[in-house]
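For reference, the structure discussed in these notes is given below.
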């Protein structure tokens, strides 16, 4: 009997939330709450970037990061979503996992505390990207 696969699977897209952040996704926008397993959150971010760091250039990532850091309000950061789509379209399918993660997190930001957490997540992404990119170039 034919069983249809989910659309993401048919199109070869990864479910980033399940694959990399199954236990910590809920914490990505609440880093400053009590009881957040920060070590696990950062380990999951590191794993995600280690496996996907070649998909986006350092320049592109730093451009996104600087725009996020400069955003003073939730509304400003939400206005970045079209820029992310543009980057994804320009780069091609390879960059989609990273851009999709950013896009999904931005959609879920509702207050200043979540924006602050998102900025910390982006800071971690940039740091781990730099680390794994430099490891790759040393080999």
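Residue numbers (the numbering used here): 9 to 147. Every residue gets a Cβ at the ideal spot worked out from N, C-alpha and C, and that includes glycine. Fair warning: this is a prediction, and the values are worked out from it, not measured in the lab.
I'd like the list of long-range same chain contacts for residue i, defined as Cβ closer than 6 Å, with 5 residues on each side in sequence excluded.
i: residue 142; result: none
i: residue 79; result: 85
According to the Cβ coordinates, are residue i and residue j closer than 8 Å?
i: residue 69; j: residue 134; result: yes
i: residue 24; j: residue 108; result: yes
i: residue 76; j: residue 88; result: yes
If you count every other CB in all the chains shown that lies within 10 Å of the CB of residue i, and 16 or more means buried, which is it?
i: residue 39; result: buried
i: residue 52; result: buried
i: residue 13; result: Because the pLDDT of residue 13 is 41, which lies under 50, any placement of that residue in the model is unreliable, and the question is left without a value.
i: residue 90; result: exposed
i: residue 46; result: exposed
i: residue 41; result: exposed
i: residue 26; result: exposed
i: residue 60; result: buried
Measure how close the beta-carbons of residue i and residue j come, nearest whole angstrom, since I'm counting them as under 8 Å.
i: residue 33; j: residue 55; result: Actually they do not touch by this definition, with Cβ atoms about 13 Å apart.
i: residue 66; j: residue 138; result: 7 Å
Apart from the five residues on each side of it in sequence, which residues of its chain come closer than 7 Å, Cβ to Cβ, to residue i?
i: residue 103; result: 63, 64, 95 and 96
i: residue 132; result: 50 and 53
Excluding five sequence neighbours on each side, which residues of the same chain lie with their C-beta closer than 8 Å to the C-beta of residue i?
i: residue 113; result: 36, 37, 126 and 129
i: residue 116; result: 37 and 122
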